[in-house]
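Per this note's numbering, the very first residue in the sequence shown carries number 240; after that it's consecutive. Glycine included, C-beta positions come from ideal geometry on N, C-alpha and C.
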Amino acid sequence: MNKRAANLAVSETATTIDALVTPALLLDRGRLERNIQGLAERAKKLGVVLRPHMKTAKSIDVARCAFHPEPGPITVSTIAEAEYFAGHGFRDMTYAVGISPASAMRAMEFCRRTGVDLKLLLDSVGQADALAGVRQAIGVTPSVFIELDCDDHRGGLKPDDPKLLEVANRVVEAGANLVGVLAHAGESYTLSTPDALIKAAENERSASVRAAETLRAHGHACPSISLGSTPTAHFAENLEGITELRAGVYMFFDLVQHGVGVCAIDDIAVSVLATVIGAKPEKGWVLVDAGWMALSRDRGTANQQIDQGYGVVCDEKGRVLEDVIVAQASQEHGILATRAGSGKYMPELPLGTRVRILPNHACAMAAQHDYYGVVNGDSPKIEARWERMRGW
């Protein structure tokens, strides 16, 4: 048995966190369920369908917390995710990444084989034209969202771009089903005040509705208007004209979302358990066995008001150690230090001490691991082991 297999075997039988091989990914079930319930209630109040993005969790067990007792509509970021969730009964999905001819072919072959309604995303005439060949080769009619750019953040067409109507017409000419428009307010991740987030949410809404109205005025039914980001989902005051809301990291939250102002530190549901392996007292450092392979290299808080380094450090029970962060990270080493300028001293963390590290970006941290050790609050008990899927 190789070292990795041996470590997994130990972790599979662990009943308390002190028996886990570190670094290990922990998921607080109580926080997870609270986060899920919070946005579900908000979507209901706003009168829209919630289509959670599973790219963060990549776990059927987490999905079942969001959908009980029956599967519901989800968003995926890879076709491998679509395959995985289809295998667990999910049938209504949006593939929220722009298509290439090859990925469209693969997606429609998946739909033919499984019967899943997987909606595709595009923003160009070339992508639309490719659908004709896909439809002819696979024998399945693609369902398509046109991606909108509401804030100069990523891909998509501006709501008033003349190409919007041209792309819509070409989708129909290709024999595909134009289901609507889709937007993501990526700018929201750079904001930090309620007023700015409310404004971003309204801009996302109004841009999407405006694009749909243009398409409808030219004969396209455009039944679905899909938008969402975790920040705007939590700050939208009005979703009139919108049919569905997408968000993903809200299930776990992270330090970026905390910096934006979406969540409290105590809402963050995932962390990495690490062990102290050394110290350099003269530098004020403590070394742990979790580097960027366990935490990721994401530095999403670097441009926020408070830079959290590579993560905020908590004790083994999940209580934040004030102003202690992962200041540096190499492949398998994390260097803990107090935040520059804080005037704080490093607490006593003897060799072998366990700590939890909160993520800058929950999606990136979770992606480094094969499973979640499920815990609840400050209890050391491992309630379950939830596998994560990987791949594209």
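Report task. Could you tell me whether the segment 566–573 touches the segment 519–530, where touching means 3 or more Cβ pairs closer than 8 Å? Result -> Taking 8 Å as the limit for Cβ pairs, the verdict is that the segment 519–530 does touch the segment 566–573.
Query raised in the report: Whose C-alpha, out of Glu561, Ala601, Leu421, Ile596, is nearest the C-alpha of Lys583?
Result: Out of Glu561, Ala601, Leu421, Ile596, Glu561 has the C-alpha closest to the C-alpha of Lys583.
Query raised in the report: Who are the Cβ neighbours of Arg345 in its own chain at under 6 Å, not counting the five residues just before and after it?
Result: Cβ neighbours of Arg345 beyond the five flanking positions: Ile318.
Query - Contact belief for Leu265 with Gly612 at Cβ below 8 Å, rounded distance in angstroms - result: At roughly 5 Å, the Cβ-Cβ gap stays under 8 Å, so Leu265 and Gly612 are in contact.
Requested in this report: Kindly give me the distance between the Cβ atoms of Val499 and Tyr428, rounded to whole angstroms, as I take these residues to be in contact under 8 Å.
Outcome: With a contact defined as Cβ atoms closer than 8 Å, Val499 and Tyr428 qualify at about 6 Å.
Query raised in the report: Just curious, the alpha helix (DSSP H) that Asp300 is in, first and last residue?
Result: It spans 299–305 - the alpha helix (DSSP H) in which Asp300 sits, taken as one unbroken run.
Query - DSSP-derived helix/strand/coil call for Arg330 - result: In the three-state reduction of the DSSP assignment, Arg330 falls in the coil class.
**Report entry** Range covered by the alpha helix (DSSP H) that runs through Tyr323
**Finding:** Per DSSP, Tyr323 belongs to the alpha helix (DSSP H) from 318–325.
Report task. Assess, as a yes-or-no matter, whether the segment 589–602 is touched by the segment 278–287 under the definition of 3 or more beta carbon pairs within less than 8 Å. Result -> Touching, no.
Requested in this report: Using the Cα positions of Ala407 and Glu555, report the straight-line distance between them to the nearest angstrom.
Outcome: Near 54 Å, if we compare the C-alpha coordinates of Glu555 and Ala407.
Report task. Counting only the same chain and skipping the five closest in sequence on each side, list residues whose C-beta sits under 7 Å from that of Ala446. Result -> Beyond the five residues adjoining it in sequence on each side, Ala446 comes within less than 7 Å, by CB distance, of Leu387, Cys389, Pro398, Ala422 in the same chain, given in chain order.
Query raised in the report: Tell me, which residues are paired with Arg593 by DSSP?
Result: Looking at the DSSP output, Arg593 sits in a beta bridge with Thr514.
**Report entry** Chain-order list of residues whose beta-carbon lies under 7 Å from that of Val559 (same chain, five-residue window excluded)
**Finding:** Within the same chain, Val559 has close Cβ partners Ile504, Val551, Cys553.
Query raised in the report: Leaving out five residues before and five after Ile464 in sequence, what residues of the same chain have Cβ atoms less than 7 Å from its Cβ?
Result: For Ile464, same chain residues with a beta-carbon under 7 Å away, outside a window of 5 residues either side, are Gly419, Val420, Ser447, Val448, Ala451, Gly480, Ile481, Thr482 in chain order.
Requested in this report: Please name the residue or residues paired with Leu430 in a DSSP beta bridge.
Outcome: DSSP output for Leu430 lists no bridge partner at all.
Requested in this report: Run through the segment 345–393 for me and flag every whole beta strand (DSSP E) of 3 or more residues, listed as ranges in chain order.
Outcome: As far as the segment 345–393 is concerned, its whole beta strand (DSSP E) runs of at least 3 residues are 356–361, 382–387.
Query - Thr261, enclosing beta strand (DSSP E) - first and last residue - result: Segment: none, Thr261 is in no beta strand (DSSP E) and carries neither H nor E.
**Report entry** Identity of the residues DSSP links to Lys620 by a beta bridge
**Finding:** For Lys620, the beta-bridge partners assigned by DSSP are Thr255.
Report task. Give the DSSP bridge partners of Arg290, in chain order. Result -> Beta-bridge pairing links Arg290 to Arg485.
**Report entry** Backbone CA spacing between Ala305 and Ile275 [nearest angstrom]
**Finding:** If I take the Cα positions, the gap works out to 6 Å.
Query raised in the report: Any idea if Gly557 is buried or exposed, counting beta-carbon neighbours within 10 angstroms, 16 or more meaning buried?
Result: Only buried fits Gly557, as 16 or more other CB atoms lie within 10 angstroms of its CB.
Query raised in the report: Alpha carbon to alpha carbon, what distance is there between Asp537 and Leu484?
Result: In a straight line, the C-alpha of Leu484 is about 26 Å away from that of Asp537.
Query raised in the report: Would Trp625 be called buried (16 or more neighbouring beta carbons within 10 Å of its own) or exposed?
Result: Answer is buried; the Cβ neighbour count reaches 16.
Query raised in the report: Taking just the CA atoms, how far does His608 sit from Tyr549?
Result: Going from the Cα of Tyr549 to the Cα of His608 covers about 17 Å.
Query raised in the report: Excluding five sequence neighbours on each side, which residues of the same chain lie with their C-beta closer than 7 Å to the C-beta of Thr353?
Result: For Thr353, where only same-chain residues beyond five positions count, the Cβ hits under 7 Å are Ala325.
Query raised in the report: Would the beta-carbon of Gln543 fall within 8 Å of that of Ser431?
Result: Cβ atoms of Gln543 and Ser431: closer than 8 Å.
Report task. Please determine, among Leu512, Pro619, Glu443, Asn416, the residue with the shortest C-alpha to C-alpha distance to Phe474. Result -> Nearest Cα to Phe474 within the set Leu512, Pro619, Glu443, Asn416: Glu443.
**Report entry** Pair within 8 Å by beta-carbon distance, Thr540 and Leu478
**Finding:** With a cutoff of 8 Å on beta-carbon distance, Thr540 and Leu478 are scored as not near each other.
Report task. Measure the alpha-carbon distance for Gly472 versus Thr380 and round it to whole angstroms. Result -> According to the sequence as given, residue 472 is Ala; it is not Gly. Approximately 31 Å between the Cα atoms of the pair.
Report task. Identify which residue in Thr453, Pro433, Gly414 has its Cα closest to the Cα of Leu403. Result -> When only C-alpha atoms are compared, the closest one is Thr453.
Report task. Leaving out five residues on either side along the sequence, give the residues of the same chain with a beta carbon under 6 Å from the beta carbon of Ile377. Result -> Same-chain partners within the cutoff: Met347, Glu348, Arg351.
Requested in this report: Would you decide whether Glu412 is buried or exposed? Buried here means 16 or more other CB atoms lie within 10 Å of its CB.
Outcome: The residue is exposed, with fewer than 16 neighbouring Cβ atoms inside 10 Å.
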